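**Q**
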Amino acid sequence: MYIGNHLSSSSGFEKMGEEALRLGANTFAFFTRNPRGGAAKEINPEDALRLRRLMEEHHFGKLVAHAPYTLNVCAEKENVKKFSRDVLADDLNRMEYLPGNYYNFHPGSHVGQGTEAAIPMIADAINCALKPEHNTVVLLETMAGKGSEVGRSFEELRAIIDMVELKDKIGVCFDTCHVWDGGYDIVGNLDGVLKEFDAVIGLDRLRAVHFNDSMNVCGSHKDRHQKIGDGEIGAEALKAVAKHPLLADKPFILETPNDDEGYAREIAMIKNWYTGGQKD
Ligand code: FE
Ligand code: FE
Ligand code: ZN
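See below:
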């Protein structure tokens, strides 16, 4: 299985790979630039190459890069929308230094314009940014449905995907906290939720998992992550997600409120679920 957490990209690519190894991880997520937005750091191609070698040597799973939170390609304000579209396009070009990985982003918030109006804007931003020569699969994250977030249901994600031209370069990142907060009961009926995902979107689109417990009950639309086992989803249900045959080969990214030591502990715990207590 592939498990890791969000790492800070400020010290460079290779350093993130080394940090992942220190934490016992074999994948990781990173923000392509400051999570609050702004200019991206210059990429050092040598550094990217060193990370690629490290990943190969240590059999890493695909990385799940994350767009800044401020990205909103369906914003009402024209300047925010333009900035977001530019960042998306620039990030996808930059991802070519690490070909073959994932780029995950929040579909956006429609801020009063309505989901119907927002969906074509999101698809258009992807269609303008994503080129046939790109070696990255763009992932739409399942959202908790806080405020006017788009992507709170599988149907909304499907509607975006339907309008994306490069169908082989679009997928979904399944965030366990968000899906649960969005009203999908992964505790009582995981198989049913995955069946619904398959019927609406298609499980072949499910490429990565954001692995979080939730502070709130199913359908709360709150989006507050909790440590694995300390929230309303609970360890048993999350274990069933991690071990589910339809999900087990995906990169699992922890976004739990932890320090490094906490992440190392969670990573070890999850690996242990997976090996059934047997050490390799
Ligand atoms: Fe996210
Ligand atoms: Fe997430
Ligand atoms: Zn979240």
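Basically the numbering used here = 1-based index in the sequence shown + 2. Even glycine gets a Cβ: it sits at the ideal position worked out from N, Cα and C. Nothing here was measured: the structure is a model prediction, and the numbers come from that model.
1) Rank 260, 258, 264 and 244 by C-alpha distance to the C-alpha of residue 3 and give the top, closest one.
2) Which residues does DSSP list as the beta-bridge partners of residue 141?
3) Out of curiosity, what's the CA-to-CA distance linking residue 220 and residue 62?
4) Using 9 Å as the threshold, is the C-beta distance between residue 179 and residue 142 below it?
5) Kindly indicate which three-state DSSP category residue 94 falls into: helix, strand or coil?
6) Which residue comes first and which comes last in the beta strand (DSSP E) that contains residue 274?
7) At a cut-off of 8 Å, would you count residue 143 as near ligand 1, judging by its Cβ distance to the nearest heavy atom?
8) In the DSSP assignment, the beta strand (DSSP E) including residue 209 goes from what residue to what residue?
9) Who are the Cβ neighbours of residue 123 in its own chain at under 8 Å, not counting the five residues just before and after it?
10) Using a Cβ-Cβ cutoff of less than 7 Å, which residues in the same chain neighbour residue 117 once the five nearest sequence positions on both sides are dropped?
11) Can residue 100 and residue 30 be called in contact, C-beta distance under 9 Å?
12) Roughly how many angstroms lie between the CA atoms of residue 7 and residue 112, to the nearest whole one?
13) Does ligand 3 have even one heavy atom less than 8 Å from the beta-carbon of residue 210?
14) Helix, strand or coil for residue 281 per DSSP?
15) When you compare the segment 33-41 with the segment 210-218, are there three or more beta-carbon pairs, one atom per stretch, that lie closer than 8 Å?
16) From which residue to which residue does the alpha helix (DSSP H) around residue 100 run?
17) Let me check you understand the geometry: is the CB of residue 177 closer than 8 Å to at least one non-hydrogen atom of ligand 2?
18) Determine contact between the segment 154-173 and the segment 188-208, defined as no fewer than three beta-carbon pairs at a distance below 8 Å.
19) Report buried or exposed for residue 227, applying the criterion of at least 16 other Cβ atoms within 10 angstroms of its Cβ.
20) Does at least one heavy atom of ligand 3 sit under 8 Å from the Cβ of residue 106?
21) Check whether the Cβ atoms of residue 194 and residue 187 sit closer than 9 Å, and answer yes or no.
22) Considering only residues of the same chain and omitting the five flanking positions on each side of residue 97, which have a CB-CB separation below 6 Å?
23) Below 8 Å on the Cβ atoms is my guess for residue 19 versus residue 51; work out the distance and round it to an integer in Å.
**A** In short, the structure shows the following:
1) Counted from its first residue, the sequence shown places residue 3 at position 1. With distances taken between Cα atoms, residue 3 lies closest to 244.
2) Within the sequence shown, the letter at position 139 stands for residue 141. Bridge partners of residue 141: 106 and 173.
3) The sequence position of residue 220 within the sequence shown is 218, counting from 1. The sequence position of residue 62 within the sequence shown is 60, counting from 1. Residue 220 and residue 62: Cα-Cα distance of roughly 33 Å.
4) Along the sequence shown, one-based indexing puts residue 179 at 177. Along the sequence shown, one-based indexing puts residue 142 at 140. Cβ atoms of residue 179 and residue 142: not closer than 9 Å.
5) As a working note, residue 94 is residue 92 in the sequence shown. In the structure shown, residue 94 sits in a helix (DSSP, three-state: H, G or I).
6) Here residue 274 is taken as the residue at index 272 of the sequence shown, counted from 1. Note, residue 274: premise wrong, no beta strand (DSSP E); alpha helix (DSSP H) at 262-277.
7) In the sequence shown, counting from the first residue as 1, residue 143 sits at position 141. At least one heavy atom of ligand 1 is nearer than 8 Å to the Cβ of residue 143, so yes.
8) For the purposes of this step, residue 209 is taken as residue 207 along the sequence shown, with counting starting at 1. Run containing residue 209: 208-213, per the beta strand (DSSP E) assignment.
9) Working through the sequence shown from its first residue, we reach residue 123 at position 121. Excluding positions up to five away in sequence, the list reads 75, 76, 83 and 110.
10) Reading the sequence shown from its first residue, position 115 is the one you call residue 117. Hits under 7 Å: 152 and 158.
11) In the sequence shown, counting from the first residue as 1, residue 100 sits at position 98. In the sequence shown, counting from the first residue as 1, residue 30 sits at position 28. No, Cβ-Cβ distance for residue 100 and residue 30 is not below 9 Å.
12) Within the sequence shown, numbered from 1, the residue matching residue 7 stands at position 5. Within the sequence shown, numbered from 1, the residue matching residue 112 stands at position 110. Approximately 29 Å between the Cα atoms of the pair.
13) On the sequence shown, position 208 is the one that residue 210 refers to. Because no heavy atom of ligand 3 lies under 8 Å away, the Cβ of residue 210 does not count as near it: no.
14) Indexing the sequence shown from 1 puts residue 281 at position 279. Unreliable positioning characterises residue 281 in this predicted model, as indicated by a pLDDT of 49, which lies under 50. A coordinate reading is not provided.
15) no
16) Stepping through the sequence shown from its first residue, residue 100 is reached at position 98. Where residue 100 is concerned, there is no enclosing alpha helix (DSSP H), given that its DSSP letter is neither H nor E.
17) Translated into the one-based positions of the sequence shown, residue 177 becomes position 175. Yes, Cβ of residue 177 sits closer than 8 Å to a heavy atom of ligand 2.
18) yes
19) Translated into positions along the sequence shown, residue 227 becomes position 225. Residue 227 comes out buried.
20) Taking the first residue of the sequence shown as position 1, residue 106 is located at position 104. Incorrect: residue 106 has no Cβ contact closer than 8 Å to ligand 3.
21) As a working note, residue 194 is residue 192 in the sequence shown. As a working note, residue 187 is residue 185 in the sequence shown. Cβ atoms of residue 194 and residue 187: closer than 9 Å.
22) Locating residue 97 in the sequence shown gives position 95, where the first residue counts as 1. Excluding residues within five positions, the ones whose Cβ falls inside 6 Å are 105 and 138.
23) The sequence position of residue 19 within the sequence shown is 17, counting from 1. The sequence position of residue 51 within the sequence shown is 49, counting from 1. No, residue 19 and residue 51 are not in contact; Cβ-Cβ is about 11 Å, not under 8 Å.
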